[in-house]
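Q: So the sequence shown is numbered by the working numbering: it starts at 120 and just counts up by one.
All residues carry an ideal CB built from backbone N, CA and C; glycine is no exception.
Dropping the structure in here first, questions after.
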Amino acid sequence: MAEVDLELFHSYHLNDAERATFERLDATTGPLGEGCDDAEWRMLGIWAQTRLPLGRQCDDGVHLMEVIREAANRPGWSRREMHLLWNAAATRMADQPIDYAELYRGPLAAAAQLPYYERRATLIGTPMWLAQSWPSAWVFLREQVEALLAEPETDDPAELVRFAMWEEDPFATRLISAYAPRLAAPGVLPLLRHWTTATAANPSPRWLRRTGDLLSADAVAVLRDVLSLLVTHREQSALQRHHYYDRTEIVYLNEFTSLTLRGMVWTCELVDEPWVTALLGDVAVATGTGMGGSGSKSRSERLANAAIGVLARRGGLEVIAQLARVQAKVRKKAILARVDKTLEAIAVQTGMSAEQLLERTVPAFGLGPDGTRTEHGLRLSLDGTITYEGRKTIPKAIRQERADLLAELRATAKELKKALPAERFRIERALATERIWRWRDVCEHYLDHPVTGPYSRTLIWEILQGPAGLPVQVDGVWELTDPAGRRIQPDPGTPVKLWHPIFHTVGEVRAWRDHLLTLGLRQPFKQAFREIYLLTPAEERTHTYSNRFARHILRYGQAKALLTERGWTGVSLGHWDYAGGAGQCQAVKELAGWTIEWSMSVCSDAEADNWGTVSACVTDRIRFLRGGESAPLSEVPPLVLSEALRDADLAVGVTSTGLDPAGHGEYWHSYSFGPLTETAQVRHDALTRLLPRLAIAARCTLTDRFLQVRGDLRTYRIHLGSGNILMDPNDAYLCIVPHHTTDPLFLPFEENGGTLSIILSKAFLLAADTTITDPSITRQIHM
């Protein structure tokens, strides 16, 4: 047989088993194909394709061509096998002279055996490759290749849709199953085919003109339903068929599906319906967030950018609320940059700043000043609950009689639940960046607003270089009242900001904390009870970095989600490429003109993680950069330093492996019962004020690190950092799986992680230890 160098083909195309088969065939001296089944024949045909002598007649060539023809006619060709066969021919293109009929007779015959979509998936890039790289071959092969790629005629709606948009992922399968008759309808199918051509970054005027020519009422209706389905779609495990292998992967959308969906998103630019803007916001949030709904990557940057682009081109103040939702949820830098650019453009048009735009366009959702909407006995509350005359259960007669109103209220409740987290995020960001308003704007866009009002009326506002107070309305006018009852009515033009404890004395902070508890006022985030982080002597010595939150072991997935939610990006660790840096990362946050970097690295075992998602990471130093260079910590503004370290403390406090009730090891023990961080110290301060109000106060004592609870069987010490428990008299560890009480205790703030609630629920349980019936707990107590 002809001696042909197969090194290139071996290196780029064959796996170990296939390479061994080729070597065995190279050594064969007897007849080829005897006793082979179909799969063996197909592999034999691929091997023979690489050994085929070209441009001359010889016995070897005739025999090998017979083998290739026999193999090509065998059933069962897979996409991988077809790629191997075509690439076996492609590796021979440099041989001279070339007989293209002889070289491609087998590949063309085998491709004809495949179903249309398999042929298309195999040959999709062939015309361009041949036309650009081997024009003489393309002249010879063009007619045959184009015939293989020609869409067959069919009346089956599912086949028509499958031909147009492929079926390469679970969403496409779901779409074809549910919407094929509508997508294949005469008034929609031409537009569906046009949607698949959305290959550019942005729609051209010509593309949009063609879209307008094809657009019909039926197309608009199915467009709305498909994009609504996309909003609810989530990634899932599915078999993916690649050129050279098939394997199960976590899949969101395939390339071809996302192109079609981008065409649908672009079409929204031409649809003048009230639902379009909100739906585009939903698409941007759903596709812009990462797998699982968090992370600094995105499910589909292509679709998120398409939705934001259409919002930008639609313009107007109604799009601002949707962009605010994207800012609150998405952490992909490129997407956020596009949102910022859009906001800036609209701000220039309106003569306002981006922040002013956001606050002036918060929807009221038809709510009254008290944050509710009531019609015909049906009441929608700010938290999205719907009741009838005070009852949660709506009578059947009312559901039937007021079906349209009830459907409208439910749709509004759904939008409310999306808007509230974005508003809370926006207001807390203003606290962290020391934003300044005029009092008239605070009254109009915050205190009097039915959505932002319930948040902002529980916050402390401060006149610049003046007094601070909680908002109180007197005779229809907003005033500020301090803990001593002193009131001041700011002038409309008075500059004000949100009060932050870092700028105030210990006595002032203590007074506000006591005042909130006396009023029973719950803040949407920690303000009066906010942790502050001042520069320490150790940080003065390290000069340009902080080790305060270094050497902590965190549950990686949980830490990544929390940090991403708080605006950090770059949290990306993996077992796949340690040499390329996948074992280390820099979590990054931009704050008030500063860049904060927190180093992290993988510390979990790759085999234990099944070479998949990292289960644990270890933290390292935190640096503050200005102009790309590390700055001395003494030059970092106190608010920037404090807010950045607060995020780090929160991540450690919520995701540390030291919180594991069944943990062990040196780190677990040091974290579980060691010195308190600033977050835990604030917890200590809150308990100092809460304990006297509790029914179990007589059984509780607060020490420097522990809440000590006296039961009838034992005395227990609950660590204020981890919530883990030691029992007297021998410091035996008591493992209780955390859970919240069914009737939550009042806390003066919404707490990330809920550790204070867990500590209090454990305290109530252990104060009545003789009534505990859970054997997993009683067994430990009686040991």
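Does DSSP put residue 470 in a helix, in a strand, or in coil?
A: For the purposes of this step, residue 470 is taken as residue 351 along the sequence shown, with counting starting at 1. DSSP places residue 470 in coil when its eight states are reduced to three.
Q: Does residue 374 pass the burial test, meaning 16 or more other C-beta atoms within 10 Å, or should it be called exposed?
A: On the sequence shown, position 255 is the one that residue 374 refers to. It counts as exposed.
Q: Can you name the start and end residues of the beta strand (DSSP E) that residue 706 belongs to?
A: Translated into the one-based positions of the sequence shown, residue 706 becomes position 587. Residue 706 -> beta strand (DSSP E) spans 703-710.
Q: Between which two residues does the beta strand (DSSP E) carrying residue 253 extend?
A: Within the sequence shown, numbered from 1, the residue matching residue 253 stands at position 134. Taken as a continuous stretch (DSSP letters only), residue 253 belongs to no beta strand (DSSP E), as it is neither H nor E.
Q: Excluding five sequence neighbours on each side, which residues of the same chain lie with their C-beta closer than 8 Å to the C-beta of residue 514?
A: Position 395 of the sequence shown holds residue 514. The answer, listed in chain order, is 507.
Q: Please list, in chain order, all residues of the same chain as residue 740 whose beta carbon is under 6 Å from its beta carbon, the five residues on each side excluded.
A: Taking the sequence shown and counting its residues from 1, one reaches residue 740 at position 621. These residues qualify, in order along the chain: 664, 666, 669 and 718.
Q: Looking at the unbroken alpha helix (DSSP H) that takes in residue 659, where does it start and where does it end?
A: Counting from 1 along the sequence shown, the entry for residue 659 is found at position 540. From DSSP, the alpha helix (DSSP H) with residue 659 extends over 656-661.
Q: Alpha carbons only, please: which of 562, 219 and 896 is nearest the one belonging to residue 572?
A: Reading the sequence shown from its first residue, position 453 is the one you call residue 572. Residue 562 is the option with its Cα nearest to residue 572.
Q: Going along the chain, which residues of its own chain have a beta-carbon closer than 6 Å to the beta-carbon of residue 426, five neighbours each way excluded?
A: Locating residue 426 in the sequence shown gives position 307, where the first residue counts as 1. Same-chain partners within the cutoff: 384, 399, 402 and 403.
Q: Which one or two residues does DSSP pair with residue 588 in a beta bridge?
A: By one-based count along the sequence shown, residue 588 stands at place 469. Residue 588 has 580 as its beta-bridge partners, per DSSP.
Q: Leaving out five residues before and five after residue 838 in sequence, what residues of the same chain have Cβ atoms less than 7 Å from its Cβ?
A: On the sequence shown, position 719 is the one that residue 838 refers to. Around residue 838: 791, 792, 824 and 825.
Q: Identify the continuous alpha helix (DSSP H) that holds residue 505 and give its terminal residues.
A: The residue you call residue 505 lines up with position 386 of the sequence shown. That residue, residue 505, is in no alpha helix (DSSP H); its beta strand (DSSP E) goes 505-507.
Q: Scan the segment 586-655 and note each continuous beta strand (DSSP E) run of 3 residues or more that stays entirely inside, going in chain order.
A: Correct list: 587-593, 596-600 and 614-617.
Q: Between the C-alpha atoms of residue 894 and residue 836, what's the straight-line distance to the nearest angstrom?
A: Within the sequence shown, the letter at position 775 stands for residue 894. Within the sequence shown, the letter at position 717 stands for residue 836. Taking the straight line joining both Cα atoms gives about 20 Å.
Q: Let me know the alpha helix (DSSP H) ranges lying completely inside the segment 415-464, each 4 residues or longer, listed in chain order.
A: 420-433 and 439-448
Q: Look at the Cβ atom of residue 636, then the Cβ atom of residue 802, and state whether they are nearer than 9 Å.
A: In the sequence shown, the residue the question calls residue 636 occupies position 517. In the sequence shown, the residue the question calls residue 802 occupies position 683. Their beta carbons are not under 9 Å apart, which means residue 636 does not touch residue 802 by this criterion.
Q: Report yes if the C-beta distance between residue 225 and residue 193 is below 9 Å; otherwise report no.
A: Residue numbering aside, residue 225 sits at position 106 when the sequence shown is read from its first letter. Residue numbering aside, residue 193 sits at position 74 when the sequence shown is read from its first letter. Cβ distance not < 9 Å, so residue 225 and residue 193 don't count as in contact.
Q: Along the chain, where does the alpha helix (DSSP H) that runs through residue 385 open and close?
A: As a working note, residue 385 is residue 266 in the sequence shown. Its alpha helix (DSSP H) spans residues 374-386.
Q: Could you tell me the distance, in whole angstroms, from the CA atom of residue 540 to the CA atom of residue 502?
A: Start at 1 with the first residue of the sequence shown, and residue 540 comes out as number 421. Start at 1 with the first residue of the sequence shown, and residue 502 comes out as number 383. Cα to Cα, residue 540 sits roughly 11 Å from residue 502.
Q: Could you tell me whether the Cβ atoms of residue 883 and residue 815 are closer together than 9 Å?
A: Taking the first residue of the sequence shown as 1, we reach residue 883 at position 764. Taking the first residue of the sequence shown as 1, we reach residue 815 at position 696. Yes, they are a contact pair.
Q: Under 9 Å, do residue 246 and residue 222 count as touching if we go by C-beta distance?
A: Counted from its first residue, the sequence shown places residue 246 at position 127. Counted from its first residue, the sequence shown places residue 222 at position 103. No, the Cβ-Cβ distance between residue 246 and residue 222 is not below 9 Å.
Q: Buried or exposed for residue 256, please, with buried defined as at least 16 other CB atoms from any protein chain shown within 10 angstroms of its CB.
A: What you label residue 256 is simply residue 137 of the sequence shown in a count that begins at 1. With 16 or more neighbouring CB atoms inside 10 Å of its own CB, residue 256 falls in the buried class.
Q: Sort out for me which residues DSSP pairs residue 787 with in a bridge.
A: Taking the sequence shown and counting its residues from 1, the one referred to as residue 787 is at position 668. Within the DSSP bridge table, the entry for residue 787 names no partner.
Q: Quick one: which unbroken alpha helix (DSSP H) runs of 4-plus residues sit fully inside the segment 735-775? Chain order, please.
A: 757-774
Q: Distance, Cα to Cα, residue 492 vs residue 646?
A: Start at 1 with the first residue of the sequence shown, and residue 492 comes out as number 373. Start at 1 with the first residue of the sequence shown, and residue 646 comes out as number 527. About 29 Å.
Q: Does the segment 464-474 come close enough to the segment 432-450 that 3 or more CB-CB pairs lie under 8 Å?
A: yes
Q: Quick check on the burial criterion: 16 or more other C-beta atoms within 10 angstroms. Buried or exposed for residue 265?
A: Along the sequence shown, one-based indexing puts residue 265 at 146. Exposed is the call here.
Q: Would you list the one or two residues that DSSP bridges to residue 838?
A: Counted from its first residue, the sequence shown places residue 838 at position 719. Paired residues: 825.
Q: Quick check on residue 524: buried or exposed, where buried means 16 or more other Cβ atoms within 10 Å of its Cβ?
A: To locate residue 524, count along the sequence shown from 1; it is residue 405. Per the 10 Å Cβ criterion, exposed.
Q: Would you kindly check if the distance between the Cβ of residue 819 and the Cβ of residue 832 is under 9 Å?
A: Taking the sequence shown and counting its residues from 1, one reaches residue 832 at position 713. Taking the sequence shown and counting its residues from 1, one reaches residue 819 at position 700. No, the pair does not count as a contact, with Cβ atoms beyond the cut-off.
Q: Do residue 735 and residue 744 come within 9 Å of each other at the CB atom, strictly closer than that value?
A: Position 625 of the sequence shown holds residue 744. Position 616 of the sequence shown holds residue 735. Not in contact: residue 744 and residue 735 (Cβ atoms no closer than 9 Å).
Q: In angstroms, rounded to a whole number, what distance separates the CA positions of residue 191 and residue 284?
A: The residue you call residue 191 lines up with position 72 of the sequence shown. The residue you call residue 284 lines up with position 165 of the sequence shown. The straight-line gap from Cα to Cα measures roughly 28 Å.
Q: Just reading off the alpha helix (DSSP H) that residue 159 is part of, what are its end residues?
A: As a working mapping, residue 159 is identified with position 40 in the sequence shown. Run containing residue 159: 157-170, per the alpha helix (DSSP H) assignment.
Q: Are at least three pairs of beta-carbons, each pair with one atom in the segment 415-423 and one in the segment 446-453, less than 8 Å apart?
A: yes
Q: Are there 16 or more other CB atoms within 10 angstroms of the CB of residue 170, so buried, or fewer, so exposed?
A: On the sequence shown, residue 170 is found 51 positions in, with the first residue counted as 1. Flag for residue 170 reads buried.
Q: Does residue 849 pass the burial test, meaning 16 or more other C-beta atoms within 10 Å, or should it be called exposed?
A: To locate residue 849, count along the sequence shown from 1; it is residue 730. Flag for residue 849 reads exposed.
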